[in-house]
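**Student:**
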Amino acid sequence: MAPPEEVDVFKVPHRRMKELVNYYCQKLSKTDFSSNRDLGNLLKSLETTFSEFKIHEQIENDCIMNKLQRRLEALSIQNEQVCEVHSHNQLSEMLELVSQGYRLVQKGEGEMTTYGKELRVALENFTQRFLPHMKEEEEVFQPLLMEYFSYEELKDIKSLVIKRHCLS
Ligand code: FEO
Numbered sequence: 011m012a013p014p015e016e017v018d019v020f021k022v023p024h025r026r027m028k029e030l031v032n033y034y035c036q037k038l039s040k041t042d043f044s045s046n047r048d049l050g051n052l053l054k055s056l057e058t059t060f061s062e063f064k065i066h067e068q069i070e071n072d073c074i075m076n077k078l079q080r081r082l083e084a085l086s087i088q089n090e091q092v093c094e095v096h097s098h099n100q101l102s103e104m105l106e107l108v109s110q111g112y113r114l115v116q117k118g119e120g121e122m123t124t125y126g127k128e129l130r131v132a133l134e135n136f137t138q139r140f141l142p143h144m145k146e147e148e149e150v151f152q153p154l155l156m157e158y159f160s161y162e163e164l165k166d167i168k169s170l171v172i173k174r175h176c177l178s
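Residue numbers (the working numbering): 11 to 178.
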């Protein structure tokens, strides 16, 4: 059952993250990797998107996961999932791959099609992990939060999460 809107700490930011995923999937499908301009536009968009994903993750760590971890520790409850929730996210690797693409575009090197294939596979792999990751947060961590935080505490957490994402 979906949590009440006012204490659902993931729904609004994840709506934004899913929009970004849809946007880069569409852009990827329309990109001509033999075109410097097309690839440059895609890379610029991906740099912004993955930077936003990083900010999202930092906000979740600061406002949600660290608090949840501390609350569980105070109750002597071990939960590895909470500790490791963002440990395999590959956001830095994706940003590095985007930087590699910029270097190719700037040098005008003729390896853009090969790079395009690598980027496409990396993005598909990332998406296949990122969407389930958000689902896990919604279906596993939100219920944990509901169990160990009060309604008022969750309202405050949600409010802070929305504010820091600048989504209000
Ligand atoms: Fe909401 Fe950890 O992505």
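Backbone N, C-alpha and C define an ideal beta-carbon position, used for all residues, glycine too.
Computed from a predicted model, the values in this text were never measured in an experiment.
Which one of 33, 39, 125, 47 has the shortest CA to CA distance from residue 60?
**Tutor:** The count along the sequence shown starts at 1 and reaches residue 60 at position 50. Checking every option, the nearest Cα to that of residue 60 belongs to 33.
**Student:** Considering only heavy atoms of the ligand FEO, does any lie closer than 8 Å to the CB of residue 99?
**Tutor:** Along the sequence shown, read from residue 1 onward, the residue named residue 99 stands at position 89. Checking the Cβ of residue 99 against the ligand FEO gives yes.
**Student:** What do you reckon, is the C-beta of residue 184 under 8 Å from a heavy atom of the ligand FEO?
**Tutor:** As displayed, the chain neither begins before 11 nor continues past 178, which places residue 184 out of reach and without an answer.
**Student:** Nearest-angstrom Cα distance between residue 58 and residue 116?
**Tutor:** As a first step, residue 58 is located in the sequence shown; it is residue number 48 there, counting from the start. As a first step, residue 116 is located in the sequence shown; it is residue number 106 there, counting from the start. Each residue's alpha carbon lies about 18 Å from the other.
**Student:** For residue 157, I'd like the list of residues in its chain whose CB is within less than 6 Å of its CB, leaving aside the five on either flank, ordered along the chain.
**Tutor:** Taking the sequence shown and counting its residues from 1, the one referred to as residue 157 is at position 147. For residue 157, where only same-chain residues beyond five positions count, there are no Cβ hits under 6 Å.
**Student:** Whole-angstrom Cβ separation of residue 175 and residue 14, contact assumed at under 8 Å?
**Tutor:** On the sequence shown, position 165 is the one that residue 175 refers to. On the sequence shown, position 4 is the one that residue 14 refers to. Their Cβ separation, rounded to whole angstroms, is 19 Å, which puts residue 175 and residue 14 out of contact at 8 Å.
**Student:** Based on Cα-Cα distance, which residue from 173, 169, 103, 118 lies nearest to residue 50?
**Tutor:** As a working mapping, residue 50 is identified with position 40 in the sequence shown. The shortest C-alpha to C-alpha distance from residue 50 to any of 173, 169, 103, 118 is the one to 118.
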